[in-house]
Each structure stands twice: as C-alpha cells, then as structure tokens.
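Chemist: Protein chains in written order, with my numbering: chain A, 6 to 232; chain B, 5 to 317.
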Amino acid sequence: MRYLLLLCMMMIAVPLYSMSMNVFYPSLVSVQDRQKALLASPLKVKNVMVFAKFREFHTFQKLKPADILIIPDAYARTLKGYQCKNRFTLSGRGKFRYQILTLDKSWDLSKASNGILGVVDESGRRKMRQYLSSILPGVKFKQIKSVGKLEDLMAMMALEGANYVLIRLEHRNGLKAQFDFQTFKIEESSEVNYPFICVKDGASFDLSKFNASLLKILGFSTIEVAK
Amino acid sequence: MKLASLVLILSLSNSLLAKSILVVRKASENFEEVSDSFSQEASEDFIVNDYVINDRTTYNNFEKKVRSVNPNALIVMDNQAVSYTKEYFKKNPKMRIPTLATMALNLPKVLEKNSYIAGIRYEAPGFSVINSYNFLTAQPLKRVGVFYRKSQHDELIENTKRQLKRVKIELVAYNVEKKGRGKSRINSFLRKKFKRLSDLDAIWVLADNVILNRRAFNKHWKPLSEKIPLICPLKKFVTSETDLCVFSAFPSHTDLGSQLAGMFFAVVDGERSIQEIGVESIIAVEKLRNAKKMKNFNIQLNPKAAKQIPVAE
Chain A
6 MRYLLLLCMM MIAVPLYSMS MNVFYPSLVS VQDRQKALLA SPLKVKNVMV
56 FAKFREFHTF QKLKPADILI IPDAYARTLK GYQCKNRFTL SGRGKFRYQI
106 LTLDKSWDLS KASNGILGVV DESGRRKMRQ YLSSILPGVK FKQIKSVGKL
156 EDLMAMMALE GANYVLIRLE HRNGLKAQFD FQTFKIEESS EVNYPFICVK
206 DGASFDLSKF NASLLKILGF STIEVAK
Chain B
5 MKLASLVLIL SLSNSLLAKS ILVVRKASEN FEEVSDSFSQ EASEDFIVND
55 YVINDRTTYN NFEKKVRSVN PNALIVMDNQ AVSYTKEYFK KNPKMRIPTL
105 ATMALNLPKV LEKNSYIAGI RYEAPGFSVI NSYNFLTAQP LKRVGVFYRK
155 SQHDELIENT KRQLKRVKIE LVAYNVEKKG RGKSRINSFL RKKFKRLSDL
205 DAIWVLADNV ILNRRAFNKH WKPLSEKIPL ICPLKKFVTS ETDLCVFSAF
255 PSHTDLGSQL AGMFFAVVDG ERSIQEIGVE SIIAVEKLRN AKKMKNFNIQ
305 LNPKAAKQIP VAE
C-alpha cells in the first residue's frame, strides 16, 4: 500500500517538473515578455513556448502537444483531449464582448453582406467562421479576412482592406497611439470567455502558482472556474 | 489482398481528382518563404506545385509546365511570371483560370482591364511606412514628401494621401514627370527640387527604378539622405551597406503567403470574384531603424515603439 502511494506521488510529481506549455492568444504584450515571465514564474513548467500567431502555434502544437495550453475561447471550443475548466479574468470579469468597428459610419450592419470583416485568426479558417457565426448570430459578412496579429488588424482597416474589424476594446485602446484615427463601434458580439488554461486529459496542474505579477504581465487579473 | 488493391485504386483516383495549384516564382529566398507559407495553408485542400523560374526560363518552358500540371489556379510572383501568365491567357483564352499575382509597385497598371488575375502589390504601403515611422518618433510628423511618376503611381498616391489624412499627416507629392518622362528630365527635376525642399519632416522613397536610377541615386538621393530623413519600403535601404534611410518597413513574406492564401480561398469559396478583389496592399510589414542615421538627425524616439522596432545591421 505504501509503495502504491509512493508510486502515485511520483506519477504526479514527475510530470509537474517536466510539463510543457504552449501559449497563444492575441495580446499587446510581446511574446518575449510573456515567455520570459512564464519561464521565471513559480509554475515550474520546463518548456514554455509562446506564439505570436495562431498558425505558428497550431503547427507546433500538432508536432509537440503540450501538457498545458493557454488559448483563446475560439480554439478552446473545439479542442479535444484537454480539460478547459479555468479561464483568466480581467477587472473582475471572466467574459467580454468583441466590438465591431468601422472607419466609415455608413457601413452599418445592414451592409454586412456586402462588407469584409477583418479578424485576428484564433482557430484557423474554417473554425473561425463557425466561431464568428456563433458569437455574431444572424450577421453574415461577404468575406472574413484573417490576419496574424492585432497590429495587422488595425493596419488592414487603415489600408481599407476591410470594412469592419472585430477587436477587444482593451486592444483597440492599446493600439490608439500607433493607429491614431477615429473608429466607430457599430455592434458587439455575444459574450465570450477570456483565454482558457487547458490541461491535458489525465494531467493536473497547480493554478495557485499563477501569482499576481505573472497574471499582470500576461494581461489579466485572476483565474476563475469557467461557468 | 483484394482489399489492399481497392484501397490503392481509391487513393490513386483521389489524388488524380484532387485539385492543384501551380506556384510560379523566382528562386529568391523571399519568394520561397511566400510560397512555403501559402502552401502550408492551401495544401490541406489542394496539391501545391512549386515551379521555380529564372532569366533563362522561356515562355515556351512556362507554357509546357502549365499544360503538364494543368492546375485549377495559378499563383505567380514577380514580373516575369506575371508577364508569361498574361501571354498564356492571351494565347489560350479558354484556358483562363483564377490567378493571383504579387509584384512590385505598378501591379495595378499591369493588371488593368483584366478579369482573371487579382493580386497583392509587393511593397510595403505608404501608409504603413509613414505611420510606423510616425509611431517610432517622439515628435509627430506633420508633412511628408514623396517623389512619384504620375503616369504610374497616381492612384497609389491619392489612396495614400487619403489614408494619411486620417492620422493627420499631409503627404506632399512631387510629380517627377512634370518636365518630361526621360531619365535626364527626371534627374534634372530631382536635382532642382531637392535644393528647394522645406517644411518636410521626412521623405517617403518609392522603390521605383526610374526615380531611383543609378545616377539619381548617387548624385541626388544619397546627398539628400544627409539633409532630411528618408523613410523606405525596402530592407536593403536601411542597412549599413546602403545607409540611405532612417527607417524601413518591408513585406513580411510569411504573412504575405497567408494573405495570398486568404485571397485564394475567398475566390474558391465563392465569397469574392477575381474582379472584385483587384489589387490589394500588403497588410503585415516588418520594420527596421537605422540608429546611426537617426542619431545624426537627432531624432528622439518613442521608447514604446523603439522596443518593438529592431536596429538594422
């Protein structure tokens, strides 16, 4: 019985110190800063990979599936083989609404079927479309154009490559100094979750090690159980 | 055994039925990156064939290749590939297939009046170059100059003016063909105008071989680069070797491949036609700054932007 207990403890302890983590979610905090903070944190995760773009993350995750993932709502919804029970919060809220912005007020939603919506790719071409249909029910755009980074989303708008963009308010505010032009909010999405912390089926991970300073660098306030 | 044969036959017939794309490009590292990135996105649904051409590749070689692959779509990069494609479609109007192209500045002119090729202008857009530099400097830009050829770049300049107006930057455009289109007339215009430039915070340099002809580059542009900050759409102009510009924004080739793939699937999925797409700008750019030159001009940096924009070597 004692040996069995010891074996169980080893099985729990060993994976903790050799756990890997793949991270992707749109953020204005640089990849380097987030990676550095995660590696230096008390999480004791051996291999941390933070990605700027979904495609890079997805390619790597297919080759080297990590034990822990930090991923956006769009990707978590169809993820298999992981438990996504916990999400980040910001200012006491675990959910937010995307804003649909335009440069030209005359492009209201009645023109959506003729318009192009720019988005940051969070789950790949096909899944992203399904996700958008679920968070913007009843709205059909002529085309969905994806970009890799938040900065490129605002550039796409400025270059008139999209009539609308889908963006979180905090991100638009964070990019104001770089893209100092007026935008108009024409609609909001339904509520979506802030990024999830997902753990591979069968593995366990101590979330209490995400201390306040690490959470701040990652761009959030706390972690909560997703309801 | 019978089952194995059946599986083999089925898989073979599947691969024969699978749709294919032919990517035609030069052997440059940049185009290879674009091609790889495009293939990564498209290869889940299509067989992507990569055809590398060079100066010795004739039109006949090209036509033979297209006929042998018999693709459902073409992706063509740079002038030679675009020109062969236009010739091929002209000679074989029934063989016209959706085609996406990427090449430098005058792509809209090259693709004028055609309904079967859309594309992406292979150059960092003026807005991206100027707005990114504006973010890098502590002092906001008010007036930026540009020298252009009205016969080639009129639409590009008008679009850039409109886009920059939104960020409160005035683009002051000088048509170098004002006194004539010959090289000597253009060089004479540049020489005279460069002496009388005033009230400009920077000059956006167009990567145009005519405006940047060798004589003009050495005699006029290089000396000008010591007097006023030049900002460019090419990586090589910001490096210590050329040392022309204080700042450059240039295409991110991986993202260009993704942008082409997005455009391609918009056509395939019936969201937009080739005609509707026309010619788009590159969205994602990379940036470099020339620290030595910026110091010489005593340009103060915005620390947040400086952290994001590396120094060129």
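The beta-carbon is built from N, C-alpha and C at its ideal position, and this holds for glycine as well. This one's a predicted model, so the numbers in the text were calculated from it and none came from an experiment.
Excluding the 5 residues flanking methionine 161 (chain A) on each side, which residues of the same chain have their C-beta closer than 8 Å to its C-beta?
Modeler: For methionine 161 (chain A), where only same-chain residues beyond five positions count, the Cβ hits under 8 Å are Gly123, Lys150, Val152, Ala167 and Val170.
Chemist: What number of angstroms, rounded off, separates the C-alpha of serine 19 (chain B) from the C-alpha of alanine 31 (chain B)?
Modeler: Confidence at serine 19 (chain B) is low in this model, with a pLDDT of 43, below 50, so the placement of that residue is unreliable and no value is reported for it.
Chemist: Which same chain residues end up closer than 8 Å to isoleucine 121 (chain A) when comparing Cβ atoms and leaving out the 5 residues on each side of it in sequence?
Modeler: Around isoleucine 121 (chain A): Phe146, Lys147, Gln148, Ile149, Lys150, Gly166, Ala167, Asn168 and Tyr169.
Chemist: Give the list of continuous beta strand (DSSP E) stretches no shorter than 3 residues that lie fully inside the segment 200–225 of chain B.
Modeler: Entirely contained in the segment 200–225 of chain B, the beta strand (DSSP E) runs reaching 3 residues are, in chain order, 206–208.
Chemist: Since aspartate 259 (chain B) meets chain A, which of its residues come closer than 8 Å, beta carbon to beta carbon?
Modeler: Residues of chain A passing the Cβ test: Val152, Gly153 and Asp157.
Chemist: Can you find a C-beta in chain A that's less than 7 Å from the C-beta of serine 285 (chain B)?
Modeler: Yes, serine 285 (chain B) counts as interfacial toward chain A.
Chemist: Using the DSSP secondary-structure output, state which residues sit across from proline 255 (chain B) in a beta bridge.
Modeler: Looking at the DSSP assignment, proline 255 (chain B) forms a beta bridge with B:Val289.
Chemist: What alpha helix (DSSP H) runs, 4 residues minimum, are completely inside the segment 68–137 of chain A?
Modeler: For the segment 68–137 of chain A, whole alpha helix (DSSP H) runs of length 4 or above, ordered along the chain, are 78–81.
Chemist: Please report how far the alpha carbon of phenylalanine 201 (chain A) lies from the alpha carbon of lysine 221 (chain A), in whole angstroms.
Modeler: Cα-Cα distance, rounded: 16 Å.
Chemist: Applying the criterion that 16 or more other CB atoms from any shown protein chain within 10 Å of the CB defines a buried residue, is glutamine 263 (chain B) buried or exposed?
Modeler: By the neighbour-count rule (16 or more Cβ atoms within 10 Å), glutamine 263 (chain B) is buried.
Chemist: Hey, quick one: how far does the beta strand (DSSP E) through tyrosine 178 (chain B) stretch, first residue to last?
Modeler: First-last of the beta strand (DSSP E) with tyrosine 178 (chain B): 174–179.
Chemist: So, does the CB of methionine 161 (chain A) fall closer than 7 Å to a CB anywhere in chain B?
Modeler: Yes, methionine 161 (chain A) counts as interfacial toward chain B.
Chemist: Per DSSP, what kind of secondary structure is isoleucine 101 (chain B) in: helix, strand or coil?
Modeler: Three-state DSSP puts isoleucine 101 (chain B) in coil, outside helix and strand.
Chemist: For lysine 68 (chain B), report the span of its alpha helix (DSSP H) as first-last.
Modeler: Run containing lysine 68 (chain B): 63–73, per the alpha helix (DSSP H) assignment.
Chemist: Would you say asparagine 294 (chain B) and alanine 316 (chain B) are within 7 Å of each other, going by their C-beta atoms?
Modeler: Their beta carbons are under 7 Å apart, which means asparagine 294 (chain B) touches alanine 316 (chain B) by this criterion.
Chemist: Just verifying my parser: in three-state terms, what is the DSSP assignment at leucine 26 (chain B)?
Modeler: If DSSP states are grouped into helix, strand and coil, leucine 26 (chain B) belongs with the strands.
Chemist: For cysteine 236 (chain B), which residues in the same chain have their Cβ closer than 6 Å to its Cβ, ignoring the five residues on either side in sequence?
Modeler: Excluding sequence neighbours, cysteine 236 (chain B) sits near Val209, Cys249 and Ser252.
Chemist: Name the chain A residues whose beta carbon is nearer than 8 Å to that of arginine 170 (chain B)?
Modeler: Leu108, Ala163, Phe186 and Gln187, listed in chain order.
Chemist: Would you kindly report the start and end of the unbroken beta strand (DSSP E) that includes valine 53 (chain A)?
Modeler: From DSSP, the beta strand (DSSP E) with valine 53 (chain A) extends over 52–55.
Chemist: Rounded to whole angstroms, what's the CA-CA distance from tyrosine 152 (chain B) to leucine 234 (chain B)? Just pull it up for me.
Modeler: Using only the alpha carbons, I get a separation of about 14 Å.
Chemist: Quick check on arginine 71 (chain B): buried or exposed, where buried means 16 or more other Cβ atoms within 10 Å of its Cβ?
Modeler: Classification for arginine 71 (chain B): exposed.
Chemist: How about serine 179 (chain A): is its C-beta nearer than 7 Å to some C-beta of chain B?
Modeler: Position check: residue 179 (chain A) holds glycine in this sequence, whereas serine was assumed. Answer no: the Cβ-Cβ gap between glycine 179 (chain A) and chain B never drops below 7 Å.
Chemist: Ignoring anything shorter than 4 residues, give me the alpha helix (DSSP H) runs that lie fully in the segment 143–168 of chain A, in order along the chain.
Modeler: Here the runs fully enclosed are 155–163.
Chemist: Note down, in chain order, every chain A residue with its Cβ under 8 Å from the Cβ of proline 129 (chain B).
Modeler: Per Cβ cutoff of 8 Å: Leu164.
Chemist: Cβ of glycine 282 (chain B) less than 7 Å from any chain A Cβ?
Modeler: By this cut-off, glycine 282 (chain B) is not an interface position.
Chemist: By how many angstroms is the C-alpha of threonine 89 (chain B) removed from the C-alpha of alanine 122 (chain B)?
Modeler: When rounded, the distance between both Cα atoms is 12 Å.
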